[in-house]
Amino acid sequence: MITLTQTTRTAALDSRRWLALIVLLTGTLLPPLDFFIVNVALPAVREGLHASADVSQLVISVYAAAYAVTLILGGRLGDLYGRKRVFIAGMLGFGVASALCGLAPSPGMLVVGRLLQGISAAIMAPQSLASIHAIFPASEKNRALSLYGATFGLASVGGQLLGGVLVSTSPWGLGWRGVFLINLPIIIAAVPAAMMLLRENRAERSARLDVPGALLLAAGLLALVVPLIEGQEHHWPWWCITPLILSMPLLGGFWQYEKTQERAGRTPLVLPSLLAVRGLRRSLASTFFFYALAAFFLVFAVYEQAGLGHDALAAGLAILPLGIGLFVGPLCGPHIAPRMGSRTAGFGMILEVLGLVMVAALAFAGASSWLALPLFLTGAGQGIALPALVRLNVDHVETRWAGLASGLVNATLQISAAVSVALFGGLFIMIAPDGASAQDVRLGFAVASLAVGASLALAAGLSWKRQET
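Just so we're on the same page, the working numbering is the position in the sequence shown counted from 1, plus 77.
This is how it looks when you write it as structure tokens:
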């Protein structure tokens with residue numbers, strides 16, 4: 078087995094790196110695809126398994142929480158034990174979990190399968206970004222990261238459309254089970270390809286996994302993420318508020334433990350000295366405010382149906398211009414980056430802000446037929462900004478810490494999504510609760526869109542300033 082270290086990587090540039098990228102992007106595609114594809118299938122899942130509304134909500138939230146909580150650990154595992162090895166293990170685990178979901182005889186078994194899917198996805202996904210950082214030279218990295226960003230756009234649009242097609246056509250009589258079992262042929266093809274095409278790369282020095290740190294971080298993130306996902310749905314009961322309050326002391330205790338480990342010469346799960354790099358702190362802060370667009374998807378679906386009276390299919394098609402922008406934007410990134418440099422991410426976010434302001438103005442004026450252009454602009458801005466923002470983060474660390482940086486970036490995106498859905502989704506519901514008039518729904522959507530735009534403007538400001546190392 079060939080191991081590429083930071084020293085030998087440049088000298089032994091992988092001639093198969095572009096073929097390897099196709100395999101790596103499969104690992105990037107599957108986690109978000111399985112989030113979006115299940116959203117569309119939930120009514121059929123509830124009917125098929127005779128599940129309650131709470132259980133169907135768990136099908137989404139358990140996956141999202143497990144994914145967010147395990148991402149940093151997943152990135153670190155790749156650094157320590159080899160990214161190729163961990164990538165393949167995560168993909169195999171994702172396949173087993175997908176089969177368990179697709180064959181689940183009961184709601185409880187489906188929830189267990191989704192938990193395992195989220196954990197496996199978090200082990201697999203960071204290896205893609207870390208490997209891109211390790212195997213591509215600087216001259217090719219923008220193009221590779223642009224394709225990485227385009228994959229997210231493909232997952233968001235393809236997930237919703239594919240889910241609708243699989244549920245409505247029910248090939249081989251699978252019904253909703255097809256949205257999980259569709260992963261199996263993809264993984265059956267991707268795993269042998271990964272074995273042949275990927276070269277092993279890891280941190281130069283091996284170290285033991287920081288198990289106490291991993292447990293402390295998991296406890297702190299669970300206490301933070303689960304209430305953010307479940308609180309709004311259940312009107313913030315005590316079992317959501319209490320863990321949310323405890324999350325800060327837990328995360329503070331984790332940070333103190335990690336500092337103690339590093340001072341003692343050990344290798345902690347997250348290196349506090351790594352976050353002493355001012356540029357990395359700024360880019361991670363920008364990443365946190367950047368993914369507020371996750372809330373926009375939620376409120377847009379409600380606006381289309383409750384505010385404009387469209388059915389679910391029409392609502393799904395209405396978001397298509399944003400999805401096209403998400404796919405096209407990253408392909409434009411390599412042409413923009415040479416001119417904008419480190420400000421490419423900020424430029425993309427400014428386009429998003431402009432698009433969201435236009436969306437809010439049109440919604441407030443009741444001119445929904447003109448939404449396609451600003452939606453496309455919003456998606457294109459997101460597609461330009463995401464790969465550029467990812468590079469701002471990973472370029473601040475040495476190759477040997479690429480897995481850790483990848484896990485930090487992905488975890489920050491997931492926590493950002495949970496926070497923004499709770500805050501901006503809550504703002505929308507406050508203005509337009511269940512049973513609100515169409516006019517109130519339009520007002521709530523306009524206000525929530527502006528709030529998302531404000532978060533993106535803050536992210537743009539943080540990323541625009543020249544990044545310091």
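Heads up, the beta-carbon is just placed ideally off N, CA and C, and yes, glycines get one too.
Provide the residue span of the alpha helix (DSSP H) that contains residue i, from first to last.
i, result
"D517", "515-541"
"G167", "160-179"
"G502", "479-508"
"Q459", "449-471"
"S129", "That residue, S129, is in no alpha helix (DSSP H); it is neither H nor E in DSSP."
"V430", "421-442"
"H412", "397-417"
"V57", "The question about residue 57 has no answer, for the chain in this structure spans 78 to 546."
"G250", "Segment: none, G250 is in no alpha helix (DSSP H) and carries neither H nor E."
"G255", "255-258"
Exposed or buried, what is residue i when buried is set at 16 or more other beta-carbons lying within 10 Å of its beta-carbon?
i, result
"Q338", "buried"
"G152", "buried"
"N470", "buried"
"V333", "Per the sequence shown, the amino acid found at residue 333 is Gln instead of Val. Burial call: exposed."
"W478", "buried"
"V288", "exposed"
"R343", "exposed"
"I549", "Since the displayed the chain opens at 78 and closes at 546, residue 549 lies outside it and no answer follows."
"P184", "buried"
"E124", "exposed"
"A536", "buried"
"P120", "exposed"
"A215", "exposed"
"P557", "Here the chain comprises residues numbered 78 to 546, so residue 557 is not present and cannot be evaluated."
"S514", "exposed"
"V529", "buried"
Measure the alpha-carbon distance for residue i versus residue j and round it to whole angstroms.
i, j, result
"A391", "F374", "14 Å"
"L239", "G252", "13 Å"
"V484", "G400", "Sequence inspection shows Gly at residue 484; the Val mentioned does not correspond to that position. Roughly 25 Å between the two C-alpha positions."
"R220", "V100", "16 Å"
"A145", "A199", "7 Å"
"V206", "P464", "Inspection of the sequence shows that residue 206 is occupied by Leu rather than by Val. When rounded, the distance between both Cα atoms is 10 Å."
"P320", "P304", "7 Å"
"L527", "Q204", "35 Å"
"S223", "P407", "5 Å"
"Q516", "A495", "27 Å"
"I209", "F164", "13 Å"
"L397", "L433", "15 Å"
"T82", "V474", "Caution is warranted here: a pLDDT of 42 is assigned to T82, below 50, making its placement in the model unreliable, and the coordinate value is therefore given only provisionally. For T82 and V474, the distance between alpha carbons rounds to 14 Å."
"L294", "F331", "6 Å"
"L533", "A369", "7 Å"
"R468", "A372", "24 Å"
"L361", "S493", "11 Å"
"A97", "A270", "8 Å"
"L394", "I114", "14 Å"
"L436", "Q382", "Checking the displayed sequence, the identity of residue 436 turns out to be Val instead of Leu. Approximately 16 Å between the Cα atoms of the pair."
"M78", "R359", "Only weak support exists for where M78 lies, its pLDDT of 34 falling under 50; the coordinates are left without a value."
"Q459", "M426", "6 Å"
"I149", "F365", "15 Å"
"E277", "L286", "19 Å"
"L231", "M272", "25 Å"
"D111", "G443", "34 Å"
"P248", "G255", "8 Å"
"L327", "A300", "8 Å"
"L107", "V268", "13 Å"
"S92", "E217", "13 Å"
"A422", "F213", "20 Å"
"A482", "K336", "17 Å"
"I265", "A143", "24 Å"
"L169", "L193", "11 Å"
Answer yes or no: does any C-beta atom of chain C fall closer than 7 Å to that of residue i?
i, result
"I212", "This model lacks chain C altogether, as it is built from one protein chain only."
Unbroken stretches of the alpha helix (DSSP H), 4 residues or longer, contained in the segment 290-374: 315-340, 355-367
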